[in-house]
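Chains as they are written, first to last, in my numbering: chain F, 1 to 167; chain P, 1001 to 1804; chain X, 2001 to 2293.
Worksheet: one structure, shown below.
Structure representation (structure tokens):
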């Protein structure tokens, strides 16, 4: 690929193919919030330290404020907007956060939920230590994290129930 | 205690789903048609004369629509002492000083333009230490006051003083005395959503401003004054509050960047947005005020406190914001936490060329309680009295009036102390020896804080409007601000409870000064306390009107119901009840779950009228069309204190609590590990368990950061750690210990449903509880927050070497 | 921080090492970028102003982790997550996996690379001490031709490596570990998720009876201008029975061998002290594992 400044890239965003114009080395947060009008991916620090901009790229969490948009070409990106069902029904992890008080001001919430979601795709019986490790890169100033941990545990419970493996 | 239908039950917040899906709109997400982006040029010196500002290159950059400085804009004074200017003129007094600003078509152009502005400075000697600033010959940070009078020194002319009894008598009466000097640093609020605003003028010169504020109406007042200064006397500012992204006190003042945004919007004739990035948030937004507190307390042989002598010294920084008034709240614990007959309190606030500070959760109480509760443990040790016992001996009691004049209408402090000690297994763990290397200890500390708002302005009121539509939707208009603390949850449950509808029928409107009634602001833990009291008053009026109308309309609606019912249920027999007679008396009615019915009478579904149906009947009556909107204005029964005398019942009621901690101190590395935490709070009544717990857990985490990690580090005024790399707040890994909460419901007579404010108390005693536990573990006391490993090791070394 | 000009920074995505070297070589001021978790931040801060970025992410051969004849080769573009979860790495080089698990967060580890960690050459790089005690080498290409550099000799100054302009680090090579050896990595930060202000990696070969140290390699991070080997501590331990008294001596020697500075994270004195404490604890831990097994 040549080093021209404006590129059109195709990638899968929340299950649907999208086309986006990317300028130079601009980061994914700017493309998501700008051209693609997905405001749920929030910028809290721009330097990969707070996790508010967490998205999934091919199922793994990344800080979108550091990911160059050109790097997601041809890949699958999941943002907070991609979790709820097509009829708007909240995903188990979202329901759990609402139910268990894991949300206060909400700014860290999309990133926090996506980190939890990535964990729950790997396991639906996470230990508390695993939950804390998965969310260690998501800062929250409001909750003290207690109800966030409970939310993830509740999400795992819902997930187990839906799979018929509750126990 | 009153039986409640919705309050007291664990209920998800009404705003949670929108936040969980990313649909909630913060200032970061808002755009206006034709909007420009603003960026500010900050000072390159801590103290310097501005010789010249050359904006010519910036103005020529394509995409730039305006470049402003103090020279080409009207002077706008900022802050309650008006010692600050939106754009600095003459000299700069700190690195964060705003000297110029740009509005451009996008952020990249705006930032580039800022770089192109050339400022010529003549550096001046700065002063960065409070004691140095007080010395003769110290550089003057401000040569003049706002009124033009000349200044001769850096000491601010602000008085926060209290004297009760005679501390000298108290000293004489004391058998044991403990003295100490304690300090707290500046810390950052670190809201996850940074500061920002959008300013937009309409063709008539009226301003709309979307602001990250906790004080929409005081902001309106401030912005109207700015408009007048801009030659727009009589024009109005409309303040609209989006989803906040955290507050913690950062929204209690109006900020230079907001005025700059307004100036840019006016200059360009277009909406302008200024958004702080995280670097600017750390370096250029006002942090929490630090303080040095010298305290001595004494007790008699039985452990009863005889005196408390407190001197506070604060570094005011370059300009004045709310940090300067922390001593007003410090006075509360200083005069009233535990019973003390002889008290002296005084504060000195001094200008320097450091950054200046604003409100943060607790507003001086954590700073004072840090000193008071640490020192009290020292006193208890001197007297040979157990720390829990010491506090119980001097415990506040309900019904007392404290030396400051605070009327304690309810008080659960005794229960909080006992329960904390119980949960912590105090008797088993206190003073227990543990193996060398990693030593364990327990400690606790208590708090007293405002629980019924805090009167700091001539009105402490909260207005409420409730409007019913044709479908029994209840629209709430409140000037309070939801910043994540759960105000909307309290409102939806509280209005439902008071009115007799279901929470799903309650809709809360966006806080907007053009639609909502006046509210002094969401601070002092007052959000739910005042709004729910106002809601109760309003709902009472609405219910009276509904029941009065019901005397006219209810019987007909019942007949309609019966006809419909009997058509579908042939053979149904109608019980013998004279609805018309019953309905003659408005007192006969009740409203619950969105249904209107008579208290006496059949329990059948047809015997109650759905509220929406009732309201439509009332609305569409010929000749008597009526719709229902009601309002109330609640001002808590409290007084604006006289700060020079230190007297006045500043709140309607007071919150109490105790927190306890077990720690393990690693004697080799100095690290403090929290093993378990306990918090028992007198909250009056639990309105919603999950939002209450959320507030306490969140405050505890901030308390842990305050106690162990957080500190704004500065050198010659420059902030050395303006980023998350070096300003560490607790992550989920740092809160990986069990926390047990308990709530004492003292059912306060002034609280809505007996509830007291809970937003701030959780942060007040955490640091001294941890320090007291460390004392128990390793026998050393650190006086200066944060308690870092290096300070612990130094203290241990001094102890080993026999230094006091 | 905005206005860093990322939008105006050309971004190249070569598909091969040769193409990468070619583009980089022909564009003055171009920088290679791997995970970017460090470089993007530096560009946003204005501390780096490259003329273009040459991404290595699309070069598949740089991502591979292979085992051949007992030797493990980790591609420079392998992510930290990928490395720490690779069965061969987990089995043979637990000290490296321990260190990786202390780096930042899951989000960072999913994109950051070990190659990038080494090239950034931060004095507190967590990848360096374990690679030093494992005797790892890096393979470099471009410039005067392919060569190998022991990780122990890779760093020259804070932020500087021996790589010449135009050279590209392609892989990290780890020799098979002769058993029985155990290693561990201990890191001290201000909070759990933090940069190190002192770190120690230790790899010990304990004799048949369990606490005679036959071989020792110890390296420290964040306490000198570059990650360093603590050879004096190693000399003290080799051939000796590990006793509390010996470890007290090790503490003293480690304290003196490191050359830390004072910065916002910790004072030099504290870093010296903690280096000594971590040295002692690392050895105790390995001895303890051996005793337990």
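A virtual CB, placed ideally from N, CA and C, is assigned to each residue, including glycine.
- Residue environment: residue 1471 of chain P is assigned as exposed (fewer than 16 neighbouring CB atoms within 10 Å of its CB, all protein chains considered).
- Residues of the same chain with a CB within less than 6 Å of the CB of residue 1310 of chain P, apart from the 5 flanking positions on each side, are 1295, 1334, 1345 in chain order.
- Between the alpha carbons of residue 2047 of chain X and residue 2038 of chain X lies a gap of roughly 11 Å.
- Residues of chain X with a Cβ closer than 7 Å to the Cβ of residue 25 of chain F are, in chain order, 2006, 2009, 2011, 2053.
- In this chain, residue 1518 of chain P is not harboured by any beta strand (DSSP E), its DSSP state being neither H nor E.
- The three-state secondary structure of residue 1372 of chain P, taken from DSSP, is helix.
- Between residue 2139 of chain X and the set X:2182, X:2017, X:2265, X:2279, the nearest pair of CA atoms involves X:2017.
- Looking at the DSSP output, residue 1150 of chain P bridges to P:1144.
- For residue 1214 of chain P and residue 2157 of chain X, the gap between their C-alpha atoms comes out near 49 Å.
- Between residue 1586 of chain P and residue 1547 of chain P, the C-beta spacing is below 9 Å.
- Taking 9 Å as the CB threshold, residue 2089 of chain X stays off the interface with chain P.
- Against chain X, the CB of residue 1790 of chain P has a partner CB under 9 Å away; the residue lies at that interface.
- DSSP, reduced to helix, strand and coil, places residue 1243 of chain P within a strand of the structure shown.
- The C-beta of residue 1071 of chain P has fewer than 16 other C-beta atoms within 10 Å across all chains shown, which makes the residue exposed.
- Closest in alpha carbon position to residue 2222 of chain X, among X:2051, X:2056, X:2186, is X:2186.
- Within its own chain, the residues whose Cβ lies closer than 8 Å to the Cβ of residue 1386 of chain P, once the five positions on either side in sequence are excluded, are 1380, 1430, listed in chain order.
- Residue range 109-122 is occupied by the alpha helix (DSSP H) that includes residue 112 of chain F.
- With a threshold of 16 other beta carbon atoms within 10 Å, residue 2175 of chain X falls short and is exposed.
- Shown here, residue 1358 of chain P sits in a strand according to DSSP, grouped into three states.
- For residue 110 of chain F, the C-beta contacts it makes with chain P under 7 Å involve 1022, in order along the chain.
- Residue nearest to residue 2129 of chain X within the set X:2110, X:2100, X:2022 is X:2100 (criterion: CA-CA distance).
- DSSP places residue 1335 of chain P inside the alpha helix (DSSP H), whose first and last residues are 1326-1336.
- Counting along the chain, the unbroken beta strand (DSSP E) around residue 1120 of chain P starts and ends at 1118-1123.
- When only Cα atoms are considered, residue 1308 of chain P and residue 1342 of chain P end up about 6 Å apart.
- In the three-state reduction of the DSSP assignment, residue 7 of chain F falls in the strand class.
- The beta-carbon of residue 1284 of chain P is placed no less than 9 Å from the nearest beta-carbon of chain F.
- Annotation: Cβ neighbours of residue 2274 of chain X in chain P (cutoff 8 Å, chain order): 1669.
- A straight-line Cα-Cα distance of about 43 Å links residue 1013 of chain P and residue 1350 of chain P.
- Taking 9 Å as the threshold, the shortest C-beta distance from residue 7 of chain F to chain X falls below it.
- Close partners of residue 1721 of chain P in chain X (Cβ separation under 8 Å): 2264.
- In this structure the stretch 1046-1054 of chain P touches the stretch 1123-1132 of chain P; the number of beta carbon pairs closer than 8 Å is three or more.
- Between residue 156 of chain F and chain X, the shortest Cβ-Cβ separation is not below 9 Å.
- By the C-beta criterion, the stretch 1436-1447 of chain P is judged to be in contact with the stretch 1411-1422 of chain P, since at least 3 inter-stretch pairs fall below 8 Å.
- The C-alpha of residue 1489 of chain P is placed about 44 Å away from the C-alpha of residue 1069 of chain P.
- With a threshold of 9 Å between beta carbons, residue 138 of chain F makes contact with chain P.
- Against chain P, a Cβ distance below 7 Å from residue 2181 of chain X picks out nothing, because the smallest value is about 26 Å.
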